[in-house]
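Residue numbers 0 to 174, in numbering that gives the first Met the number 0, belong to the letters of the sequence shown in order.
Heads up, the beta-carbon is just placed ideally off N, CA and C, and yes, glycines get one too.
Here the structure is a predicted model, which means the values were calculated and not measured.
Just below is one structure, and these are the notes that go with it.
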Amino acid sequence: MHINPLEQKWLYVSFGMVAIFLGSILLTAVTKGVHPPSHIETIDSASLHLTEEFAEDNLGVHQLADGRLQVTLVAARYGFYPNHIELPADTPVTFRLASVDVMHGVHAPMTNMSTMIVPGYVSEITTAFPKPGDYPMLCNEYCGMGHDHMWSKMTVVAKENWHGAPQAKVRGDRS
Ligand SMILES: [Cu+2]
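Following this line, the structure appears as C-alpha cells:
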C-alpha cells in the first residue's frame with residue numbers, strides 16, 4: 000500500500016499527539032493525583048429538608064471540630080441557599096452541595112470552584128481562595144427560565160478580618 004509521504008508525516012504527528020495526551024493523563028493520574036470525580040454520595044433530593052445536614056437551619060459556613068471549614072449549600076430553581084456566604088482567604092474550604100430539583104452547576108469565576116450539582120448526589124469540592132474580594136457563584140447548567148438570575152454572592156475576607164463560623168452540628172460524610 001502506498002502512503003503519500005506528506006500524509007505519512009501527518010499520521011505520525013497525529014499519533015504522536017494522541018500518545019502525548021494519553022501519556023499526560025497517565026502521568027498526572029499517577030504523580031499528581033488528578034482523577035475524575037469519584038466521590039459518590041447519594042441523597043434523596045425530595046427530602047433534603049428532612050436530612051440533618053441539608054436542613055434549612057444548618058446551611059451555610061460551619062467550622063468542623065478539626066478546624067476545617069465546611070460550606071453546606073442547597074441549589075434550587077433559582078438560587079443557592081444561603082445566598083451570601085463569607086469566607087476567609089487562604090483557608091481550605093470544603094463545599095458540599097445538593098440540588099432539590101433539577102441539575103444545576105456552580106461556578107465562581109476567576110477561581111477553580113466549579114462543579115455540577117446532579118439531583119440525587121452530593122457534590123463536594125475542597126478549595127481555597129487566595130484573593131479577598133466579592134465573587135459571584137453562578138449556575139452554569141441551564142436549569143429553566145430563571146437560570147440567568149441564579150447566582151449568589153461569596154465574600155472572601157482577609158484571614159485577619161475573618162469573624163469565624165459557628166461549629167458544625169453535622170459533619171459531612173467524608174469517605
Ligand atoms: Cu441554572
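Let me know the secondary structure DSSP gives residue i once reduced to three states.
i: residue 106; result: strand
i: residue 152; result: strand
i: residue 11; result: helix
i: residue 174; result: With a pLDDT of 40 at residue 174, under the threshold of 50, the modelled position of this residue cannot be trusted; read the value that follows with caution. Reduced to three states, the DSSP call for residue 174 is coil.
Pull up the distance between the alpha-carbon of residue i and that of residue j, whole angstroms please.
i: residue 86; j: residue 154; result: 6 Å
i: residue 120; j: residue 114; result: 12 Å
i: residue 93; j: residue 16; result: 36 Å
i: residue 100; j: residue 144; result: 14 Å
i: residue 20; j: residue 32; result: 16 Å
Check whether the Cβ of residue i sits closer than 7 Å to any heavy atom of ligand 1, and report yes or no.
i: residue 149; result: yes
i: residue 80; result: no
i: residue 146; result: yes
On a Cα-Cα basis, can you pick out the residue from the options that is closest to residue i?
i: residue 71; options: 42, 59, 147 and 2; result: 59
i: residue 80; options: 47, 112 and 90; result: 47
i: residue 39; options: 110, 95 and 167; result: 95
i: residue 136; options: 90, 118, 77 and 6; result: 77
i: residue 146; options: 97, 52 and 103; result: 103
Would the C-beta of residue i count as close to ligand 3, meaning under 7 Å from any of its heavy atoms?
i: residue 106; result: The model on display carries ligand 1 but not ligand 3.
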